[in-house]
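Chains as they are written, first to last, in the numbering used here: chain V, 96 to 404; chain D, 96 to 404.
Idealized CB from N, CA, C, for every residue including glycine.
Note sheet for the following structure.
Protein chains: 2
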Amino acid sequence: MKEIRIFVPASVANVSCGFDVLGFCLAPVGDEMVIRKSSEPGIRITKIEGQDLPMEVDNNVAGVAAKALLEAYETAVGFEIEIYKHIKPGSGIGSSAASAAGAVYGINKLLGEPFDPKSLIRFAMQGEKLASGSPHADNVAPVLLGGFTLVRCSDGPDVIKLPVPDELVATVVHPKIELKTAHARSVLKQQISLKDAISQWGNLAGLVSGLYENDYDRISRCLVDKIVEPSRALLIPAFSELKEAAAEVGALGCGISGSGPSVYALSRGMTTAEEVAQKFSEVLSGIDISFETHISPINTVGIRILEEK
Amino acid sequence: MKEIRIFVPASVANVSCGFDVLGFCLAPVGDEMVIRKSSEPGIRITKIEGQDLPMEVDNNVAGVAAKALLEAYETAVGFEIEIYKHIKPGSGIGSSAASAAGAVYGINKLLGEPFDPKSLIRFAMQGEKLASGSPHADNVAPVLLGGFTLVRCSDGPDVIKLPVPDELVATVVHPKIELKTAHARSVLKQQISLKDAISQWGNLAGLVSGLYENDYDRISRCLVDKIVEPSRALLIPAFSELKEAAAEVGALGCGISGSGPSVYALSRGMTTAEEVAQKFSEVLSGIDISFETHISPINTVGIRILEEK
């Protein structure tokens, strides 16, 4: 194989009580990437469409992730990367993660898969480090493994793939405001009360058990975040109205996607997820903010191969 | 049925990263209780052996729990309670929980089981409230349901029974020092860092997934407590030596049981659990502290009926 064209999905991290550890993978929204072998060693970004992003390898998340992989695997072959960007950078649904994960996934395939998917995570994390300053895995893990993933610690990440109840469907709305990750981070309280923390870890543990047992009611009861959401909600237009609207039509839960401004909801079944999307649209139309909505079952596979040459 | 004699097991709460939410039930160590119908309405404690505990219903955890049940279920029948105490109060393995849980379990049986086991928890919690000032469920839940239990919040508790990997065996050592719960509580930091909290909820989520998947290595990696253990460890003689000794012989993890002074370890298989017990004995003999050790598979059933009349 000389060339591979892939679909690289968006993802939702910081899933309510799973702040900084839990993420899941979306299906219909994502980038396309082409990775091509080259006789010239090293990495080159040869094309970027859809967004104005740096072509220099060391300033591009895909480039940095790809280089991290090649540092761990000696080869005389080089690689060209084309990126067809559909995920909006800064939207909070893992735009940089998609680029970083796609690059290492494609190169690994073209090299004959010397690494298993979990081992690719640490390379992709280097792209995230470039994007946000810290090498977190909570978006690249669901993109590379599919489904729901739990990342125990982001230094030497211990990544656990969790089961996905069949009927779970996500609705994501991206209110088109600019929200810098640095700003979303600056509002985080670095000290929290033990009481709130206990409630949070009880909820996350309950959520994990709900995923294993297909217990939608339990999932719903546990999709709560008393720690980060109250601070960050203030940065997102009409967040409490969006959340109430989702609850009104029966969503299991609703929270901030990544560090925002996108807002996700999880529902049981497509019908409810569509009603949530409708409600989200009404809320944001009402305050004259432009937005984009996505409805998606949980993508249990992750990256998809579109073409091999 | 006029009378029931039951075995009411000890339990371990605050299981490392599961502080305040996760507990499990022990098998060989526990109290015996006899609950007997009486034509005189109300509750009476008619006998307590093994410990010097209050006979007055309102000052006895079993009495208070039993009264809470009868407030929710009108009956002309009364009940006599006999308690044969083998669990040492203040040892940190759920002595008060056993008395409270046993009382409501026995009365519920004699009434023809108007309540399911989960519904009994809130009555037993009233006994815990008398014992420690707060109506927590993290010991009574594993006693009443068996196995590992997760208690999401202790007000209106949402209790989840978790699966138990077959080969999991607990070793518990009770160093016989007096450690007041109030003292163990006073050393808790009420504010904690977000970073430590994230690591804790990642570990608890990982531990829960490890229980579902019989993944002993993952269970081991996740049995960590960066928040409460560092403060409370100082109150327990030779805690770090006990913990190191357990690790040396291959225990999966080791931590404080309840609010101490008992220390628990979890191992894969009886042989390792016995080696841990041996090591615990050596450590505490070396510093001339008297102690008692227990080795126990996880009790997945909870309370056991010994005799019905």
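request  = Using the DSSP secondary-structure output, state which residues sit across from G173 (chain V) in a beta bridge.
outcome  = Residue mapping note: residue 173 (chain V) aligns to position 78 of the first sequence, counting from 1. DSSP output for G173 (chain V) lists V:S133 and V:G137 as bridge partner(s).
task = Evaluate contact between the stretch 261-271 of chain V and the stretch 267-275 of chain D, counting only Cβ atoms and requiring at least three cross-stretch pairs below 8 Å.
result = no
query = Between which two residues does the alpha helix (DSSP H) harbouring I314 (chain V) extend?
reply = Here the question's residue 314 (chain V) lines up with position 219 in the first sequence. Taken as a continuous stretch (DSSP letters only), the alpha helix (DSSP H) holding I314 (chain V) covers Y311 to C317.
ask   = Just how far apart, CA to CA, sit A193 (chain V) and L206 (chain V)?
value = Stepping through the first sequence from its first residue, residue 193 (chain V) is reached at position 98. Stepping through the first sequence from its first residue, residue 206 (chain V) is reached at position 111. In a straight line, the C-alpha of A193 (chain V) is about 20 Å away from that of L206 (chain V).
query = Mapping DSSP to helix, strand and coil, what is Q295 (chain D)?
reply = One-based indexing of the second sequence puts residue 295 (chain D) at position 200. In the structure shown, Q295 (chain D) sits in a helix (DSSP, three-state: H, G or I).
inquiry  = Assuming contact is defined by CB atoms lying nearer than 7 Å, are S111 (chain D) and D320 (chain D) in contact in what I supplied?
reply    = Locating residue 111 (chain D) in the second sequence gives position 16, where the first residue counts as 1. Locating residue 320 (chain D) in the second sequence gives position 225, where the first residue counts as 1. Against a cut-off of 7 Å, the Cβ pair of D320 (chain D) and S111 (chain D) comes out as a contact.
message = For P392 (chain D) and C120 (chain D), I'd like the C-alpha separation in whole angstroms.
response = Here residue 392 (chain D) corresponds to residue number 297 of the second sequence, with the count starting at 1. Here residue 120 (chain D) corresponds to residue number 25 of the second sequence, with the count starting at 1. Each residue's alpha carbon lies about 9 Å from the other.
request  = Could you work out which residue in D:K183, D:A265 and D:G125 is closest to F386 (chain D) when comparing CA atoms only?
outcome  = Position 291 of the second sequence, counted from the first residue, corresponds to residue 386 (chain D). The candidate whose alpha carbon is nearest that of F386 (chain D) is D:K183.
task = Please name the residue, chosen from D:Y307, D:V303 and D:A198, that lies closest to M220 (chain D) on a Cα-to-Cα basis.
result = Numbered from 1 along the second sequence, position 125 holds the residue referred to as residue 220 (chain D). The candidate whose alpha carbon is nearest that of M220 (chain D) is D:A198.
key: DSSP three-state assignment for T366 (chain V), whether helix, strand or coil   = Here residue 366 (chain V) is taken as the residue at index 271 of the first sequence, counted from 1. Correct three-state label for T366 (chain V): helix.
query = Using 8 Å as the Cβ pair cut-off and three pairs as the minimum, do the stretch 237-250 of chain V and the stretch 141-159 of chain V touch?
reply = no
request  = Note down the Cα distance separating I138 (chain D) from D261 (chain D), rounded to an integer number of angstroms.
outcome  = In the second sequence, the residue the question calls residue 138 (chain D) occupies position 43. In the second sequence, the residue the question calls residue 261 (chain D) occupies position 166. When rounded, the distance between both Cα atoms is 39 Å.
task = Go ahead and pull the three-state DSSP assignment for R247 (chain V).
result = As a position in the first sequence, residue 247 (chain V) is number 152, starting the count at 1. In this structure, R247 (chain V) counts as coil in the three-state DSSP scheme.
query = Using a beta-carbon distance cut-off of less than 9 Å, what residues from the stretch 323-352 of chain V approach chain D?
reply = V323
key: Selection of the stretch 282-302 of chain D by Cβ proximity to chain V, strictly under 7 Å   = L283, K284, Q285, Q286, I287, S288, L289, A292, I293, S294, Q295, W296, G297, N298, L299, A300 and G301
ask   = Under 7 Å between the Cβ atoms of P258 (chain V) and G118 (chain V)?
value = Here residue 258 (chain V) corresponds to residue number 163 of the first sequence, with the count starting at 1. Here residue 118 (chain V) corresponds to residue number 23 of the first sequence, with the count starting at 1. Contact: no.
inquiry  = Please return the same chain residues whose Cβ sits closer than 7 Å to the Cβ of I216 (chain D), not counting the five positions on each side in sequence.
reply    = Position 121 of the second sequence, counted from the start, is the residue given in the question as residue 216 (chain D). So the qualifying residues of the chain are A232, V235, A236, L239, P252 and V254.
request  = Please say whether A333 (chain V) and I409 (chain V) have beta carbons closer to each other than 7 Å?
outcome  = In the structure as shown, chain V starts at 96 and stops at 404, and residue 409 (chain V) therefore has no counterpart that could be examined.
Beta-carbon neighbours of C248 (chain D), restricted to chain V and to distances below 7 Å = Residue 248 (chain D) sits at position 153 when you count from the first residue of the second sequence. Near C248 (chain D) (Cβ distances below 7 Å), the residues of chain V are S294 and G297.
query = Residue range of the beta strand (DSSP E) that I202 (chain D) falls in?
reply = The residue given as residue 202 (chain D) occupies position 107 in the second sequence. Run containing I202 (chain D): none in the beta strand (DSSP E); it sits in the alpha helix (DSSP H), S190 to L205.
key: Residues of the stretch 161-184 of chain V whose Cβ lies closer than 8 Å to any Cβ of chain D, in chain order   = none
ask   = Can you find a C-beta in chain V that's less than 7 Å from the C-beta of Y200 (chain D)?
value = One-based indexing of the second sequence puts residue 200 (chain D) at position 105. By this cut-off, Y200 (chain D) is not an interface position.
ask   = So which residues of chain C does V116 (chain V) contact, with C-beta pairs closer than 8 Å?
value = You won't find chain C in this structure, because its protein chains are V and D.
ask   = Can you list, in chain order, the residues of the stretch 252-283 of chain D whose Cβ is nearer than 7 Å to any Cβ on chain V?
value = D253, I255, L257 and L283
inquiry  = Run through the DSSP bridge pairs and tell me what D320 (chain D) is partnered with.
reply    = By 1-based counting over the second sequence, the position of residue 320 (chain D) is 225. The partner list for D320 (chain D) (beta bridge, DSSP) is empty, contrary to what the question assumes.
request  = Along the alpha helix (DSSP H) that carries Q286 (chain V), what are the first and last residues, could you check?
outcome  = The residue you call residue 286 (chain V) lines up with position 191 of the first sequence. Taken as a continuous stretch (DSSP letters only), Q286 (chain V) belongs to no alpha helix (DSSP H), being part of the beta strand (DSSP E) at Q286 to S288.
inquiry  = Tell me the rounded alpha-carbon separation between H278 (chain V) and I390 (chain V).
reply    = Residue mapping note: residue 278 (chain V) aligns to position 183 of the first sequence, counting from 1. Residue mapping note: residue 390 (chain V) aligns to position 295 of the first sequence, counting from 1. Each residue's Cα considered, the two are about 27 Å apart.
query = If we cut at 7 Å on Cβ distances, does Y307 (chain V) have a partner in chain D?
reply = Locating residue 307 (chain V) in the first sequence gives position 212, counting from the first residue. At least one chain D Cβ lies under 7 Å of Y307 (chain V).
key: Proximal chain D residues relative to L245 (chain V), where beta-carbon distance stays under 9 Å   = The residue you call residue 245 (chain V) lines up with position 150 of the first sequence. Chain D residues near L245 (chain V): G297, A300, G301 and S304.
request  = Rounded to whole angstroms, what's the CA-CA distance from K213 (chain V) to E169 (chain D)? Just pull it up for me.
outcome  = Counting from one through the first sequence, the residue named residue 213 (chain V) turns up at place 118. Counting from one through the second sequence, the residue named residue 169 (chain D) turns up at place 74. Cα to Cα, K213 (chain V) sits roughly 58 Å from E169 (chain D).
query = How would you write the range of the beta strand (DSSP E) that A387 (chain D) sits in, first residue to last?
reply = As a first step, residue 387 (chain D) is located in the second sequence; it is residue number 292 there, counting from the start. Per the sequence presented here, residue 387 (chain D) reads as Glu, with Ala not at that position. Counting along the chain, the beta strand (DSSP E) containing E387 (chain D) begins and ends at F386 to P392.
query = When the Cα atoms are used, what is the spatial distance from E402 (chain V) to E151 (chain V)?
reply = Position 307 of the first sequence, counted from the first residue, corresponds to residue 402 (chain V). Position 56 of the first sequence, counted from the first residue, corresponds to residue 151 (chain V). Between E402 (chain V) and E151 (chain V), the C-alpha separation is close to 26 Å.
key: With 16 other Cβ atoms within 10 Å as the buried cut-off, status of S326 (chain V)   = Taking the first sequence and counting its residues from 1, one reaches residue 326 (chain V) at position 231. So S326 (chain V) ends up on the exposed side.
task = Find the nearest neighbour of R126 (chain D) within the set D:A195, D:P356 and D:H181, judged by alpha-carbon distance.
result = As a first step, residue 126 (chain D) must be located in the second sequence, where it is residue number 31. Arg is not the amino acid found at residue 126 (chain D); the sequence shown has Asp there. Residue D:H181 is the option with its Cα nearest to D126 (chain D).
key: Closer than 9 Å at the beta carbon, the chain V residues around I316 (chain D)   = Mapped onto the second sequence, residue 316 (chain D) falls at position 221. Reading the sequence as shown, one finds Arg at residue 316 (chain D) and not Ile. Those within 9 Å of R316 (chain D) in chain V are R247 and D253.
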